[in-house]
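Numbering (our numbering), first residue to last: 103 to 648. Ideal placement from N, C-alpha and C gives every residue a C-beta, glycine not left out. Since this is a predicted model, take the numbers as computed values, not measurements.
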């Protein structure tokens, strides 16, 4: 049926597990995905992918496949029950540091189908549907997993170096590890209604702020819309599923007779996190590790960040390019980020849904006032409520982010469009590929450029010299032309001559001329070129559907 020994077993083929498999597949790792369902599910649950999540899809070579499926959110409007505008974010006027729309909506079944097609690109990745993990045991060298084929009851023991639990909120792997979920579950529920529309109109994204309705109303695809609303404690949960109630939720925004109801789901939302995300060779990702309220749309996004963070580290360890200690930085880096997103989602949900009608009306007046004020208005209009978080410690130069305001370590590096030789204009990540990169600022001294090239060679990465926009059309080999000036701005802001980027685009080190030798010595201790036979780090990932 399949090999008895693989590199990685991924449990769960939802967005997080499927993304992990795509990323691992690119590194040539033998990966088996265990999924208990025999067919893909048809319910639309998650709907939001922020610009960081879209950048991870790009890293997986799925931009062409998912481009038509992602529905960019052009404008987000906060409204009251009478549809009066309280505040608005025009995303066409908001800077895009990651090279993608700040927010895009999607239909989860279609997204998962695209991820499955992505896995099919790799002969080293297998998806076993209709199977589940019966038990597992681990030792110093790996994990032995007993897998059952549900249709026949037959079992097979598969040996893997690592096991990734991407099996959701009710994770069986987490339960077998005896790990507790810490946090709270909201007393209220959320009702999620998905409808099919005959055309791509209307196209809007509303955040109803009450007092009667709190939630989101948005188009998720050219032929699909989503209506989510908070069900307050004490409401009859059977009644809110009724056709009458559903019609009442839809009717303020679109004629209910013009759409077809695809699904009506009721769910509780949580603010919970597993006490540990790793036990030996077993790692928790996504909802298996953390559950958060939907108010910032960061549930799936956070899980995708988990997959992006862990996959390159496992690949480097298994390909002999790093020691196993690198894997210790997964939870160190990801837990604080997920916890902060959870805290902010909690705070936003509490602000929007707590209190009675009088408090809701007062809150709406306050939101509108903040929106109109010269100091706080830009905070809303420019969508600064979603923090630009960074790694405070982990796999960084010195192990921790520097205290200076100009410290670049741990930051998420921007992705502008650049010009690269005969390939012409393209996003920066497509030039770099899934590997370490060393970039030098425009006009960097020759000795810094030589040191950068030597550093890149020693770690199996790529060196790119950043040239100013004036060099467009005349760039030399090994150069990227900074068409938008964004890279030059970053170097100037961080007072750096050289920056080292990890494969997940977080900054390992940013230093001036004097610190280059120190950075080289530190990184060379921890990272080496791949030495596994038949493995390679691709510069450009094959895309599907392009």
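Reduced DSSP secondary structure (H/G/I, E/B, other) of residue i
i	result
residue 355	coil
residue 557	helix
residue 470	helix
residue 207	strand
residue 505	coil
residue 572	helix
residue 140	coil
residue 174	strand
residue 330	strand
residue 165	helix
residue 197	coil
residue 398	coil
residue 475	coil
residue 564	strand
residue 361	coil
residue 631	coil
residue 391	coil
residue 261	strand
residue 373	strand
residue 216	helix
Environment of residue i [buried if 16+ CB atoms lie within 10 Å]
i	result
residue 157	buried
residue 478	exposed
residue 553	buried
residue 487	exposed
residue 257	exposed
residue 430	exposed
residue 193	buried
residue 442	exposed
residue 405	buried
residue 280	exposed
residue 113	buried
residue 497	buried
residue 512	buried
residue 186	exposed
residue 221	buried
residue 239	exposed
residue 481	exposed
residue 276	buried
residue 455	buried
residue 490	exposed
residue 254	exposed
residue 117	buried
residue 315	buried
residue 304	exposed
residue 544	buried
Continuous beta strand (DSSP E) stretch holding residue i: start and end
i	result
residue 526	526 to 529
residue 189	187 to 192
residue 233	233 to 240
residue 586	Taken as a continuous stretch (DSSP letters only), residue 586 belongs to no beta strand (DSSP E), as it is neither H nor E.
residue 406	First-last for residue 406: 401 to 420, but that is the alpha helix (DSSP H), not the beta strand (DSSP E).
residue 623	Residue 623 -> not in any beta strand (DSSP E); alpha helix (DSSP H) instead, spanning 618 to 628.
residue 385	384 to 386
residue 599	From DSSP, residue 599 is part of no beta strand (DSSP E); its letter is neither H nor E.
residue 109	107 to 113
residue 152	150 to 152
residue 540	539 to 542
residue 299	No beta strand (DSSP E) contains residue 299, which DSSP labels as neither H nor E.
residue 519	519 to 522
Cβ-Cβ separation, residue j to residue i (assumed contact under 8 Å), whole Å
i	j	result
residue 604	residue 538	6 Å
residue 203	residue 153	6 Å
residue 651	residue 262	Any answer about residue 651 is impossible in this case: the structure gives the chain only from 103 up to 648.
residue 633	residue 421	7 Å
residue 227	residue 111	Not really, about 11 Å apart at Cβ, beyond 8 Å.
residue 327	residue 334	At roughly 23 Å, the Cβ-Cβ gap does not stay under 8 Å, so residue 327 and residue 334 are not in contact.
residue 433	residue 380	6 Å
residue 140	residue 231	5 Å
residue 608	residue 625	Not really, about 14 Å apart at Cβ, beyond 8 Å.
Enclosing alpha helix (DSSP H) for residue i [first to last residue]
i	result
residue 254	Per DSSP, residue 254 belongs to no alpha helix (DSSP H) and is neither H nor E.
residue 129	Note, residue 129: premise wrong, no alpha helix (DSSP H); not H, not E.
residue 439	431 to 455
residue 667	Given that the chain is displayed from residue 103 to residue 648, the structure contains no residue 667 and the question cannot be resolved.
residue 278	274 to 279
Residue i beta carbon near the ligand ADP (any heavy atom closer than 7 Å)
i	result
residue 108	This structure simply doesn't include the ligand ADP, nor any ligand for that matter.
Inspect the CB distances between the segment 281 to 290 and the segment 122 to 137 and report whether three or more fall short of 8 Å.
no
Is the number of C-beta pairs between the segment 367 to 381 and the segment 392 to 399 that are closer than 8 Å three or more?
yes
Does the pairing of the segment 464 to 475 with the segment 586 to 598 give three or more beta-carbon distances under 8 Å?
no
Below 8 Å, how does it come out for the segment 501 to 511 and the segment 171 to 178: are there three or more Cβ pairs, yes or no?
Judged by Cβ distances under 8 Å, the segment 501 to 511 makes no contact with the segment 171 to 178, as fewer than three pairs qualify.
Looking at C-beta atoms only, is the number of pairs between the segment 546 to 566 and the segment 528 to 537 that lie closer than 8 Å three or more?
yes
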